[in-house]
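Worksheet: the structure to be examined is printed underneath.
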Amino acid sequence: MVDQETLEPDLNAIDAGRSLLRRLFRGAAPEPRTGEAAVLAFASGKGGTGKSFLATNCAIGLHAAGKRVVVVDCDFGLANAHLLFGVNPRFTMLHLLDGAVSAAQALVATPHGPNLIAGGSGIASLAELDARHMQVLAKALHWLAGCHDYVLLDCPAGLAPQSMITVLAAQHAVVVTNPEIAALTDAYALIKCLARQPAHPQVQLVVNRVTTPGLGKATFDRLADVSRRFARCDIHYLGEVPEDSAVTHRRLGQAPLLASLPACPTSQAIQSILRNVEWQVQSRRPTDASGGVEARMLAQIRRW
Numbered sequence: 009m010v011d012q013e014t015l016e017p018d019l020n021a022i023d024a025g026r027s028l029l030r031r032l033f034r035g036a037a038p039e040p041r042t043g044e045a046a047v048l049a050f051a052s053g054k055g056g057t058g059k060s061f062l063a064t065n066c067a068i069g070l071h072a073a074g075k076r077v078v079v080v081d082c083d084f085g086l087a088n089a090h091l092l093f094g095v096n097p098r099f100t101m102l103h104l105l106d107g108a109v110s111a112a113q114a115l116v117a118t119p120h121g122p123n124l125i126a127g128g129s130g131i132a133s134l135a136e137l138d139a140r141h142m143q144v145l146a147k148a149l150h151w152l153a154g155c156h157d158y159v160l161l162d163c164p165a166g167l168a169p170q171s172m173i174t175v176l177a178a179q180h181a182v183v184v185t186n187p188e189i190a191a192l193t194d195a196y197a198l199i200k201c202l203a204r205q206p207a208h209p210q211v212q213l214v215v216n217r218v219t220t221p222g223l224g225k226a227t228f229d230r231l232a233d234v235s236r237r238f239a240r241c242d243i244h245y246l247g248e249v250p251e252d253s254a255v256t257h258r259r260l261g262q263a264p265l266l267a268s269l270p271a272c273p274t275s276q277a278i279q280s281i282l283r284n285v286e287w288q289v290q291s292r293r294p295t296d297a298s299g300g301v302e303a304r305m306l307a308q309i310r311r312w
């Protein structure tokens, strides 16, 4: 017969194992939170401005600050957030929008903390989505916003309807541009299009690939003046990111910059931008009587 003293260590080990499993499963399926997350759409008027780079590194910085963060790669068909995070997800936006998996099943933890819903890459069917697919996305965003502090939407560049619907579902639109005239022209076109909608997110600007300190603020001032006078839209300045060889020399498979080189100029600039983001979210969160991100997206689907 086995006595009680012999059994107690085994029972303790079983309890410890159960506790570890609970912690592991909590990491895979976030617990609900009170209230909706801050939803930020990273957008640009043209491709190649560094929008996805900024979104993924901002997610890492927010996670390091103790926030529960998810990046949703909405760049349907041309997604690359999973490459920047260094993950190879089993499920992508294609499976989610087709109803094959739930948002919880599509969610993947990245090595550097944030969660990710990966987009589809090179999938032509994702280039043009119908209202039913966008409704599925709206429902998924509602669930994600209920169990994270920040939902970062990496949106497609340009003014296509499915891109605009996604941006307009956010509370804050982070427009990423470069100082060059072509990028600024396209950024203004995006801002003007947002301003024409009956309800639009707060528009905030990041100027990337700045060659001279202060050029980002000067660029913002010019764009803000034009936006105010001709589009009747006030935009807010989040900061500038310098032209940096640490970024241009990155190779596929390397860890994101904020995780691998936290002291480089670009990482320091992103940290400054994040402080401004958190200030905007905390002090200028718009009053939302529309029922949250799902309701905002559904309203845009009906309008478009």
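Numbering-wise, the working numbering puts 211 at position 203 of the sequence shown, and it's gapless, one number per residue. Quick reminder that beta carbons are idealized off the backbone N, C-alpha and C, glycines included.
- Taking 4 residues as the shortest admissible run, the region 184–243 contains the following complete alpha helix (DSSP H) segments, listed from N- to C-terminal end: 189–203, 223–238.
- Taking a C-beta distance under 9 Å as the contact criterion, residue 165 and residue 85 do not qualify as a contact pair.
- Pairing residue 211 with residue 149 gives a Cβ-Cβ distance that is not under 9 Å.
- Relative to the Cα of residue 50, the nearest Cα in the group 63, 56, 44 belongs to 63.
- Membership of residue 50 in the beta strand (DSSP E) is indicated by the continuous run 46–51.
- For residue 103, the CB contacts under 7 Å within the same chain, skipping 5 residues up- and downstream, are 109, 114 in chain order.
- Residue range 139–154 is occupied by the alpha helix (DSSP H) that includes residue 152, with no beta strand (DSSP E) assigned at that position.
- For residue 284, the enclosing alpha helix (DSSP H) begins and ends at 273–291.
- A direct Cα-Cα distance of roughly 32 Å separates residue 267 from residue 302.
- By the CB criterion at 9 Å, residue 203 and residue 241 fall inside the cutoff.
- Under DSSP, the beta-bridge partners assigned to residue 81 are 162.
- Under the DSSP definition of a beta bridge, residue 250 partners with 218.
- The Cβ-Cβ distance between residue 58 and residue 182 does not fall below 9 Å.
- Apart from the 5 residues on each side of it in sequence, residue 251 sits with its Cβ closer than 7 Å to the Cβ of 217, 218, 219 in its chain, given in chain order.
- Here residue 107 is exposed, its C-beta having fewer than 16 other C-beta atoms within 10 Å.
- Collapsing the DSSP output to three states places residue 96 in coil.
- The residue from 116, 228, 173 with its alpha-carbon nearest to that of residue 142 is 173.
- Under the three-state reduction of DSSP, residue 116 is assigned to strand.
- In this structure, 38 is the residue among 276, 171, 38 with its C-alpha nearest to the C-alpha of residue 154.
- Residue 269 carries a coil assignment under DSSP once its states are collapsed to helix, strand and coil.
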